[in-house]
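Residue numbers (this note's numbering): 138 to 517.
Positions of the beta carbon are idealized from the N, C-alpha and C atoms, including for glycine.
This structure is a prediction, so every number in the text was calculated from the model and none was measured.
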Amino acid sequence: MPFRTRYTGLIERYRDRLPIHDDTRIISLGEGNTPLIRLNNIPRIIGKDVDIYVKYEGLNPTGSFKDRGMTMAVTKAVEEGSRAIICASTGNTSAAAAAYAARAGITAFVLIPDGKIAMGKLAQAMMHGSVVIQIKGNFDDGMRLVKEVATEAPVTIVNSINPYRLQGQKTAAFEIVEELGRAPDYHCLPVGNAGNITAHWIGYCEYSSASGDHVTGACAFCEGHCKYAGGAVVGNRPHMVGYQAAGSAPFMRGHMVDNPETVATAIRIGHPQSWDYAWKVKEESGGWFDECSDEKILAAQKLLAEKEGVFCEPASATSLAGALADIASGKIPEGSTIVCTLTGHGLKDPDTAIKQSTAPMLTVEAELDAVKSAILDNMT
Ligand code: AN7
Numbered sequence: 138m139p140f141r142t143r144y145t146g147l148i149e150r151y152r153d154r155l156p157i158h159d160d161t162r163i164i165s166l167g168e169g170n171t172p173l174i175r176l177n178n179i180p181r182i183i184g185k186d187v188d189i190y191v192k193y194e195g196l197n198p199t200g201s202f203k204d205r206g207m208t209m210a211v212t213k214a215v216e217e218g219s220r221a222i223i224c225a226s227t228g229n230t231s232a233a234a235a236a237y238a239a240r241a242g243i244t245a246f247v248l249i250p251d252g253k254i255a256m257g258k259l260a261q262a263m264m265h266g267s268v269v270i271q272i273k274g275n276f277d278d279g280m281r282l283v284k285e286v287a288t289e290a291p292v293t294i295v296n297s298i299n300p301y302r303l304q305g306q307k308t309a310a311f312e313i314v315e316e317l318g319r320a321p322d323y324h325c326l327p328v329g330n331a332g333n334i335t336a337h338w339i340g341y342c343e344y345s346s347a348s349g350d351h352v353t354g355a356c357a358f359c360e361g362h363c364k365y366a367g368g369a370v371v372g373n374r375p376h377m378v379g380y381q382a383a384g385s386a387p388f389m390r391g392h393m394v395d396n397p398e399t400v401a402t403a404i405r406i407g408h409p410q411s412w413d414y415a416w417k418v419k420e421e422s423g424g425w426f427d428e429c430s431d432e433k434i435l436a437a438q439k440l441l442a443e444k445e446g447v448f449c450e451p452a453s454a455t456s457l458a459g460a461l462a463d464i465a466s467g468k469i470p471e472g473s474t475i476v477c478t479l480t481g482h483g484l485k486d487p488d489t490a491i492k493q494s495t496a497p498m499l500t501v502e503a504e505l506d507a508v509k510s511a512i513l514d515n516m517t
């Protein structure tokens with residue numbers, strides 16, 4: 138018997154839980170199967186008895202969790218005969234759409250806010266050959282235009298209002314349950330459009346014996362697209378906790394926000410597309426929303442990079458920033474198992490990282506003595 142363990146992506150792995158036919162041509166880049174890393178140093182530094190894991194979604198093929206949704210959305214678009222996809226994006230969706238369209242041999246149109254997306258993401262959209270349309274407006278303007286234009290041009294929307302996106306993204310919850318042998322007590326995520334927090338909840342519910350919604354068949358979130366597999370694997374579901382950037386926090390304000398601002402450009406979103414779903418997730422899971430200042434977000438990003446060796450983009454660090462605040466206050470009690478999703482890779486946004494970096498950067502003569510004293514002066 139040949140030794141075959143090649144991982145070929147989340148659709149193959151979870152085929153029986155996704156709306157896929159036997160003969161569907163799968164468009165994959167090997168997404169999913171990302172590491173769940175236990176934080177070793179931060180719990181000690183904060184002096185709390187908590188088990189914190191980070192799900193490092195930045196290690197997906199295009200560097201964010203969007204690949205989980207995009208493999209499904211593009212696979213289904215191609216199956217349905219579409220020749221072009223379109224999205225509005227704060228950067229990561231456009232990077233994923235561009236890559237999966239390239240893989241499928243179709244065209245991607247991406248609408249991005251002029252000057253407000255991180256450099257790595259722009260490079261990806263351009264490099265993968267998508268048609269980049271910068272609009273003089275923000276993500277919410279772009280989203281409105283995408284919905285309008287899709288009624289007049291032959292393009293498939295691949296934003297998370299496409300239900301296949303959430304179907305792909307729910308697999309992150311499957312992976313977590315399979316690795317921990319149970320659901321965590323708390324699952325913390327950054328919230329923009331709130332698609333991902335909804336997708337995770339769908340995933341946890343499908344895995345839980347406690348899910349009345351799913352036992353009867355159609356689930357309340359997926360418009361009949363998910364296949365509830367029936368078998369109870371775990372008995373618990375997490376409290377879902379969604380954190381927003383303070384300048385871009387419609388779930389905290391209780392209404393849409395018109396001019397969102399935050400250093401975490403990925404979640405600079407004032408009109409979340411999954412508004413109703415997210416409130417339902419909060420209610421059903423006994424979770425909550427909260428907000429983090431830009432300062433706290435960047436501090437959490439740095440802490441993770443310096444103390445654990447894990448580099449995520451600013452928006453992603455919002456999950457840890459929020460969790461640390463709720464652990465400090467006791468809202469998340471000691472003894473808890475917590476998963477924070479790190480939605481995107483730190484290399485997506487090198488400018489913000491370098492700007493806030495305080496690590497010594499020394500320039501010396503190319504001579505032994507100079508290098509030697511630079512070392513000896515900086516030993517800790
Ligand atoms: C790194 O790319 O909306 O709450 O257009 O890139 O599911 O919207 C990005 C969202 C969190 C928020 N972290 O997820 C886009 C876009 C990162 C992100 C979110 C995004 P949702």
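Contact test: residue i Cβ vs the ligand AN7 heavy atom, cutoff 7 Å
i	result
residue 236	no
residue 294	no
residue 403	yes
residue 198	no
residue 332	yes
residue 430	no
residue 439	no
residue 242	no
residue 489	no
residue 192	no
residue 239	no
residue 230	yes
residue 481	yes
residue 276	yes
residue 250	no
residue 201	yes
residue 267	no
residue 212	no
residue 424	no
residue 327	yes
residue 168	no
residue 474	no
residue 227	yes
residue 339	no
residue 217	no
residue 297	yes
residue 452	yes
residue 406	yes
Residues that DSSP places opposite residue i in a beta bridge
i	result
residue 194	DSSP lists no partner for residue 194.
residue 381	428
residue 246	223 and 268
residue 476	190 and 324
residue 173	192
residue 376	323
residue 408	Note: residue 408 sits in no beta bridge, so no partner.
residue 165	For residue 165, which the question treats as bridged, DSSP gives no partner whatsoever.
residue 201	481
Buried or exposed (CB count within 10 angstroms, at least 16 for buried), residue i
i	result
residue 323	buried
residue 182	exposed
residue 264	exposed
residue 400	buried
residue 488	exposed
residue 393	exposed
residue 478	buried
residue 267	buried
residue 295	buried
residue 302	buried
residue 199	buried
residue 330	buried
residue 170	exposed
residue 333	buried
residue 291	exposed
residue 470	exposed
residue 260	exposed
residue 178	exposed
residue 509	exposed
residue 507	exposed
The ligand SAH heavy atom lying under 7 Å from the CB of residue i
i	result
residue 385	Questions concerning the ligand SAH fall outside what the structure shown contains, since the ligands it does hold are the ligand AN7.
- Task: Note down, one range per segment and in chain order, each beta strand (DSSP E) of at least 3 residues found wholly within the region 264-351.
- Result: 268-272 and 323-327
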